[in-house]
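Novice: Order-wise, the sequence lines are chains A and B. For what it's worth, the numbering used here labels the leading residue of the first sequence as 47, then goes sequentially. For what it's worth, the numbering used here labels the leading residue of the second sequence as 47, then goes sequentially.
Number of protein chains: 2
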Amino acid sequence: MERRSMRQYEMYELEWKKSEPAGSFVDIPLNAVFCWGEEEKSVKGFYAGKGVYKVRFLPGHVGKYVWKVTGVVEDAGECFCGAAYSRRVDGEDIPKKQCALEGRGHGPVRVCGMHFEYEDGARYTPVGTTIYALAHQKEPLIRQTLATLSKAPFNKVRYCIFPKNYDYNHNEPEHFAFLRKKDGTWDVDRPCMEFWEHFESVIESLERMGIQSDIILFHPYDRWGFSGLSMEENRKYLDYAMRRLSAFPSVWWSMANEYDLMTKRGMEDWHEFEAFLAKNDPYGHLLSNHQCFVPYDFSRERITHCSLQLRDVDLAKEFMETYRKPVIYDECAYEGNLVHDWGNISGFEMANRFWCLYAQGAYGTHGEVFLSEDEILWWAKGGILKGQSPARIAFLKEILQEANGELSTWNLQEYAGQKGGFWVEDMLKGVREDNPLANFYHSAEPTRKISVFRTQEYAGHYGKQFFLRYFGRTCPGLTVLYLPEDISYKIEVIDMWEMTRKQVYFGAAGKTEVHLPGKEGIAVLAAEIEE
Amino acid sequence: MERRSMRQYEMYELEWKKSEPAGSFVDIPLNAVFCWGEEEKSVKGFYAGKGVYKVRFLPGHVGKYVWKVTGVVEDAGECFCGAAYSRRVDGEDIPKKQCALEGRGHGPVRVCGMHFEYEDGARYTPVGTTIYALAHQKEPLIRQTLATLSKAPFNKVRYCIFPKNYDYNHNEPEHFAFLRKKDGTWDVDRPCMEFWEHFESVIESLERMGIQSDIILFHPYDRWGFSGLSMEENRKYLDYAMRRLSAFPSVWWSMANEYDLMTKRGMEDWHEFEAFLAKNDPYGHLLSNHQCFVPYDFSRERITHCSLQLRDVDLAKEFMETYRKPVIYDECAYEGNLVHDWGNISGFEMANRFWCLYAQGAYGTHGEVFLSEDEILWWAKGGILKGQSPARIAFLKEILQEANGELSTWNLQEYAGQKGGFWVEDMLKGVREDNPLANFYHSAEPTRKISVFRTQEYAGHYGKQFFLRYFGRTCPGLTVLYLPEDISYKIEVIDMWEMTRKQVYFGAAGKTEVHLPGKEGIAVLAAEIEE
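1) Kindly indicate the opening and closing residues of the alpha helix (DSSP H) around B:I11.
2) Kindly indicate which three-state DSSP category A:H520 falls into: helix, strand or coil?
3) I want to verify the contact list: residues of chain B whose CB lies under 8 Å from the CB of A:Q502, in sequence order.
4) Taking only the alpha-carbon atoms, compute the straight-line gap between B:A168 and B:S132 and give it to the nearest angstrom.
5) Straight-line CA distance for B:Q549 to B:K510?
6) For the alpha helix (DSSP H) that B:V112 lies in, which residues bound it at each end?
7) Output yes if chain B places a C-beta closer than 7 Å to the C-beta of A:P482; else output no.
8) What runs of the alpha helix (DSSP H), each 4 residues or longer, lie entirely inside the region 379-444 of chain B?
9) Is it true that the CB of A:A405 sits closer than 7 Å to the CB of A:G506?
10) With H, G and I counted as helix, E and B as strand and the rest as coil, what does DSSP make of B:R134?
11) Which residues, taken in chain order from the region 384-408 of chain B, show a beta carbon closer than 7 Å to some beta carbon of chain A?
12) Please name the residue or residues paired with A:C352 in a DSSP beta bridge.
13) Quick one: what's B:E559 bridged to in DSSP?
14) Checking contacts by CB at 7 Å: is B:T520 closer than that to chain A?
15) Who does B:E581 pair with in a DSSP beta bridge?
16) Can you give me the C-alpha to C-alpha distance between B:W401 and A:W456, rounded to a whole angstrom?
17) Determine whether the beta carbon atoms of B:G123 and B:Y55 lie at a separation below 7 Å.
18) Distance, Cα to Cα, A:G137 vs A:A129?
19) Jot down the residue ranges of each uninterrupted alpha helix (DSSP H) in the region 451-483 of chain B, minimum 4 residues, whole runs only, in chain order.
20) In chain order, what residues of the same chain lie with their CB nearer than 7 Å to the CB of B:A146, ignoring the 5 residues before and after it?
21) Whole-angstrom Cβ separation of B:H331 and B:E304, contact assumed at under 8 Å?
22) Could you check which residue in A:E531, A:E471, A:G407 has the C-alpha nearest to that of A:E460?
23) What three-state label does DSSP hand B:Q258 in the structure shown?
24) Using the Cα positions of A:W82 and A:C158, report the straight-line distance between them to the nearest angstrom.
25) From the DSSP output, in three-state form, read off A:M239 for me.
26) Using a beta-carbon distance cut-off of less than 9 Å, what residues from the region 323-342 of chain A approach chain B?
27) Taking all protein chains shown into account, decide if B:V135 is buried (16 or more other Cβ within 10 angstroms of its Cβ) or exposed.
28) To which residues of the same chain is B:E320 closer than 6 Å at the C-beta, ignoring the five residues directly before and after it?
29) With DSSP run on the structure shown, which of helix, strand or coil describes A:E566?
30) Are the region 192-201 of chain A and the region 236-245 of chain A in contact at 8 Å, needing three or more beta carbon pairs?
31) For chain A, is any of its Cβ atoms less than 7 Å away from the one on B:E566?
32) Can you grab the Cα-Cα spacing for the pair A:L384 / A:T546, in whole Å?
33) Do B:H369 and B:C352 have their CB atoms nearer than 7 Å?
34) Taking 6 Å as the limit between beta carbons, can you name the residues of its chain near B:P452, skipping five residues before and five after?
35) Helix, strand or coil for B:F322? Go by DSSP, reduced to three states.
36) Taking a contact to mean a Cβ-Cβ separation below 7 Å, would you say A:Y409 touches A:L104 in this structure?
In structure tokens:
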């Protein structure tokens with residue numbers, strides 16, 4: 047057997063060479079237990095082809111691990127787990143704020159309230175993009191994609207295990223997750239090792255750049271038969287995927303892209319997948335499910351965050367308030383010029399949706415689809431970015447990183463010396479009970495009330511230090527900020543499209559009038575002046 | 047008594063001088079019957095001050111009218127009603143299409159299916175603007191406003207009888223609809239004749255320019271007490287208003303601006319107003335009611351059209367399908383730079399909303415609110431137009447006038463050789479019944495289904511002659527039109543913002559691919575090539 051040195055938050059691998067399994071290559075008995083002091087973690091190993099058996103483990107602690115392997119292989123050992131990569135620069139810890147930008151060596155991303163953070167507590171602000179068939183392209187194209195990503199603002203990529211069949215997705219991949227039986231159907235007991243090795247190399251390449259892999263386990267756009275596997279076949283597939291992939295620190299599970307279009311699956315199937323993943327992923331990676339029309343029930347215990355296909359950024363607040371979990375618009379239409387209206391918003395609109403979402407403390411995922419002769423559209427295959435939104439998204443990310451943490455919804459009246467809440471309620475005092483408005487207000491369901499009376503406010507804050515309000519497509523010539531009285535602020539007017547920042551106050555506090563240029567895409571930022 | 051010569055579709059007035067009424071100046075017995083052949087119309091006269099009594103009548107026919115007046119005045123006579131102004135140029139009828147542009151002398155505007163037309167059948171496409179307190183401004187400003195309107199595309203103005211108190215509406219009008227009692231409250235039995243004469247001069251000035259007056263009878267923005275009149279006082283007010291104003295051909299009744307914010311009024315009050323107006327307006331002018339939050343029930347028999355405050359142009363189809371009456375977005379936010387988000391959309395967005403609405407066969411009303419030192423904002427007081435949308439609205443109007451009639455919703459698949467209708471229904475054939483999409487589709491209410499599955503298609507047609515599709519904020523680089531096979535079309539690509547039209551085909555038919563510039567604000571027009 048071989049061993050790589052063990053390091054906190056990096057995948058550790060044990061390997062043995064033996065004869066190949068007699069039956070299924072998937073469902074093999076191979077278990078390992080890793081102990082760190084009293085803490086025990088049990089993981090499954092997998093057959094990697096050519097007589098090689100592997101166990102992968104993701105250590106979360108510094109110090110001595112003792113391990114024992116049973117099943118096809120019987121072995122035991124111990125090793126010292128070194129401090130995470132993020133703590134090794136100049137022998138000192140990098141400040142958390144700074145290493146968040148770096149992105150590596152912090153462990154898996156976890157949910158923290160309405161936001162995310164790395165396991166070690168470092169900050170992680172998801173700024174995603176979509177390259178569904180990334181892993182099914184030829185090597186030169188993948189290398190080009192990675193080169194593009196190295197200069198882009200994105201730190202999460204959504205992509206599929208199964209290949210995609212759709213407009214602009216016609217190429218046949220070199221390898222598939224399984225080998226075929228003689229009758230042409232898939233043999234889920236015989237994984238295609240070349241596929242999985244290649245797929246893992248993509249995860250690793252992204253990880254090295256600090257990019258999370260939001261891995262899509264199922265999707266409906268299929269001409270090969272993967273969307274029609276039986277539940278028994280699906281269980282084997284997921285089992286093998288978890289054995290191989292779950293020790294990567296940077297993976298997330300997106301049960302499906304457009305789960306509701308998977309016509310052979312009913313709701314119990316999705317619930318079963320949830321339970322299966324919870325049982326077979328020893329690390330509890332992030333888990334959600336993305337819809338076409340019917341949002342998944344994000345209140346379910348194992349679902350870590352809301353993963354939405356939704357264009358109306360004004361609904362983010364409702365999802366945040368309903369589920370009290372982080373909200374990612376994993377699809378809010380793509381920048382491009384396709385015939386389809388999911389794929390032809392302007393660069394301005396893509397950037398606008400990002401600004402609207404992030405200013406509220408929600409998150410977005412980018413995608414790009416420009417018609418081209420070579421049929422290489424970023425959203426499907428990667429390549430180069432042609433759009434105008436990534437630069438604006440990078441500009442947004444840069445500004446958000448100046449805060450000391452993630453933004454929460456800012457009630458604009460909080461420091462107004464007035465009570466916040468519904469002016470409608472005040473207005474209704476003493477109103478005739480059969481007045482249409484009173485009638486409506488008293489009889490409507492809460493969500494209906496919210497959707498009628500909500501105003502489009504894209505405003506977030508981090509404590510009393512950082513207040514950001516974005517005006518979206520509206521064009522005020524003036525705004526009034528109600529800031530805390532006891533702190534001195536620098537106020538900037540930001541043009542998200544021109545990517546300019548203009549300081550208009552240094553030393554503002556309390557109620558402050560800010561003149562604005564009266565155009566679309568303007569934000570105001572008030573940041574505490576640091577000594 | 048005096049008489050003006052009688053002309054079809056013009057207000058005719060009879061006048062007598064006597065002593066002033068003993069009691070109420072409003073509720074006087076003065077009735078007239080006008081007979082044209084067998085057709086009888088009964089109207090009420092009014093006291094006009096200084097001992098003058100008047101009867102106004104709007105004749106709809108050419109030929110001899112015989113009239114008889116009873117009550118305070120007893121009189122009778124006959125006169126010949128000449129042909130309408132619109133039919134007098136060069137002694138010949140002007141073609142209907144052409145005279146619609148002229149706008150005068152066609153009689154009141156009526157509803158015709160999902161659209162409007164003049165009583166004589168000439169075309170009328172409402173292109174409205176909003177100047178709430180138009181009639182409460184000083185003369186020079188009103189003259190400036192009328193001069194502005196003479197060069198603007200608008201042929202309907204929404205304005206109030208009662209003055210308005212609101213941001214940027216602080217000036218005290220010279221006259222009010224009534225005189226005050228000694229205790230300062232309004233004496234609805236004593237109309238202020240200067241007010242009404244002045245108000246009528248505004249209606250007349252607009253009418254001379256072919257502009258309809260969408261007169262707002264009630265509204266909540268009040269510091270003088272008009273919104274708090276009792277129902278008995280309201281009845282007297284409406285009675286007097288109908289006696290004076292209903293014979294103007296160009297008036298529409300908007301029962302209220304934001305009726306649901308009239309906190310002293312319940313729903314029965316609005317129903318009573320409806321009935322009262324139906325009884326006291328002998329000409330059945332257009333009637334609707336405009337909301338802040340809760341749309342009025344436009345299915346009510348006397349309500350002629352949907353008058354909406356609504357920003358989401360994608361809901362127009364639902365209102366059209368639900369009520370099968372013309373739909374006007376009388377408020378879809380205003381071009382400007384106010385703090386309030388009802389008053390700070392860009393010129394692009396205002397024009398965009400117009401294009402979205404008209405392309406579907408619905409209608410919009412413009413408004414403009416730019417901050418200015420003199421507090422003269424168009425939407426309140428008139429003056430000059432500063433925005434960028436009116437030119438684009440004029441450009442749209444010009445294009446629409448090239449059709450031979452109003453547009454109806456265009457089912458884009460109609461000539462595709464496929465059946466139209468929901469692709470979702472096809473997709474669901476053979477799908478598991480407990481699939482989330484199938485579940486949702488089979489259990490959701492029809493309106494919920496529409497709102498989930500509707501696509502944003504702004505497309506309208508007039509017969510097989512004229513097909514217009516607008517792409518709104520989407521940026522397709524290509525579109526496919528399915529046109530009838532048996533007609534030859536000229537196809538243009540229109541940039542609504544740049545106001546350019548580029549012919550891309552001459553002689554197209556059937557399925558036609560059209561390349562587009564891939565930016566916001568683009569439309570495609572296919573018009574039959576006329577011999």
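The beta carbon of each residue, even a glycine, is placed where N, CA and C say it ideally should be. As the structure is a computational prediction, the values presented were derived from the model and not from experiment.
Specialist: In this structure, then:
1) Any property of residue 11 of chain B remains undetermined from this structure, which presents chain B solely from 47 to 577.
2) Strictly speaking, residue 520 of chain A in this sequence is Thr, with His absent from that position. Reduced to three states, the DSSP call for A:T520 is strand.
3) D387
4) 10 Å
5) 19 Å
6) Run containing B:V112: none in the alpha helix (DSSP H); it sits in the beta strand (DSSP E), 109-117.
7) yes
8) 393-405, 424-427
9) yes
10) With a pLDDT of 47 at B:R134, under the threshold of 50, the modelled position of this residue cannot be trusted; read the value that follows with caution. Coil at B:R134, not helix or strand.
11) L384, V385, D387, N390, I391, S392, E395
12) A:V373
13) B:V526
14) yes
15) The requested residue 581 of chain B does not occur in the structure, where chain B is confined to residues 47 to 577.
16) 35 Å
17) no
18) Because A:G137 sits at a pLDDT of 49, beneath the cut-off of 50, its placement in the model cannot be relied upon, and the following sentence gives the value as read from the coordinates. Roughly 10 Å between the two C-alpha positions.
19) 469-473
20) Its pLDDT being 47, under 50, B:A146 is placed unreliably in this model, and the value from its coordinates should be taken loosely. So the list reads A168, R169, Y170, once near-sequence residues are dropped.
21) In fact, because the Cβ distance is near 21 Å, the residues do not count as touching under 8 Å.
22) A:E531
23) strand
24) 25 Å
25) helix
26) Q337, C338, F339, V340, Y342
27) At B:V135, the pLDDT of 46 sits below 50, so the modelled position is not reliable and the matter cannot be decided from this model.
28) R348
29) coil
30) no
31) yes
32) 30 Å
33) The question names His, yet the displayed sequence has Tyr at residue 369 of chain B. Yes, these two residues count as a Cβ contact at 7 Å.
34) Here residue 452 of chain B turns out to be Glu, not Pro, going by the sequence shown. Closer than 6 Å at the Cβ level, and outside the excluded window around B:E452, lie H161.
35) helix
36) no
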